[in-house]
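One structure below.
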Amino acid sequence: MMKLYGVPGWGSAISEVMLTLADIPYQFVNVDGFDAPGPQRSLLETLNPLCQVPTLVLEHGEVMTETAAIALMVLDRCPDLAPPVGQPERRQFQRLLIWLVANVYPTFTYADYPERWVPDAPEQLRENCLEYRKSLWLWLEEQLNPAPYTFGEQLTLIDVYLAVMRSWGPRHAWFAANTPKITAIADAVCRLPELHKVLKANEII
Ligand SMILES: N[C@@H](CCC(=O)N[C@@H](CS)C(=O)NCC(=O)O)C(=O)O
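The numbering of the sequence shown is the UniProt record's numbering, which starts it at 1 and goes up by one.
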């Protein structure tokens, strides 16, 4: 069985929800505290030199990192979680998948640990990253037309990112006030009974 190294509510939640939707069994290994020196960090470092979650160890011991790479691996096993090949929606799915990890996710890399990058002005970096992240979400909001999901009636892995990331900074209240379409998509995902357990375990609902 796969082993998913993560922390409830953190980036591993994205992969957990995807694996659950695809009905792929996995064992969750909680490495809470991995972002400070200690046994959890030493363990994670042996698998992923960047020491990030999610880190996934596949059935035969191969290590996968990066939520987008894990999403593509999930799609190989469960193609229905993306729009069909050849459709325009497929290309927008690919675009948004990369857009999320190339633009939004790095704002957490820098803002969650600002003292690593700018020891003299960590608060300034945190604040600037948060403002930039808000501008990215506002851009995405303009592109969306939920019905009820990003690509209409078909639930895709983009919806999973939105449901999990909506629970991160700038948090629910900001999304509710500023991005009603992202909120509607995230809410639709959060209502799915088959995700109740995994969303609850990650404090997303
Ligand atoms: N590009 C990675 C980013 C993963 C990531 O930044 N995870 C955060 C937790 S949500 C983390 O492990 N942060 C610790 C660190 O960067 O040192 C992905 O998409 O999986």
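Glycine included, each C-beta is placed from N, C-alpha and C at the ideal position.
Remember, predicted model here, so these are calculated numbers, not experimental data.
Check	Outcome
Following a CB-centred definition, is E45 positioned closer than 6 Å to any heavy atom of ligand 1?	no
Please state the DSSP three-state secondary structure of Q154.	strand
In whole angstroms, what is the alpha-carbon distance linking E16 and W174?	25 Å
Which residue or residues does DSSP assign as beta-bridge partners of T65?	T55
Excluding the 5 residues flanking V115 on each side, which residues of the same chain have their C-beta closer than 8 Å to its C-beta?	It is Glu, not Val, that sits at residue 115 in the sequence shown. Excluding residues within five positions, the ones whose Cβ falls inside 8 Å are P122.
If you count every other CB in all the chains shown that lies within 10 Å of the CB of E66, and 16 or more means buried, which is it?	buried
Rounding to the nearest angstrom, what Cα-Cα distance links N202 and Q87 in this structure?	33 Å
Using only the alpha-carbon positions, how far apart do M1 and E59 sit?	5 Å
Per DSSP, which one or two residues make a beta bridge with F28?	L4
What do you get for G11, buried or exposed, if any count of 16 or more other CB atoms within 10 angstroms of its CB means buried?	buried
Since I believe A111 is in contact with E130 (beta carbons under 8 Å), could you give me their beta-carbon distance rounded to a whole number of angstroms?	Sequence check: residue 130 is Leu here, not Glu. That belief holds up - the Cβ atoms of L130 and A111 are roughly 6 Å apart, short of 8 Å.
Would you mind working out which of P25, T183, V7 sits nearest L140, comparing C-alpha positions?	T183
Taking A176 as part of the alpha helix (DSSP H), name the residues at either end of that continuous run.	171 to 178
With respect to 6 Å, is the separation between the Cβ of Y105 and the closest non-hydrogen atom of ligand 2 below this value?	As for ligand 2, it is missing from this structure, which binds only ligand 1.
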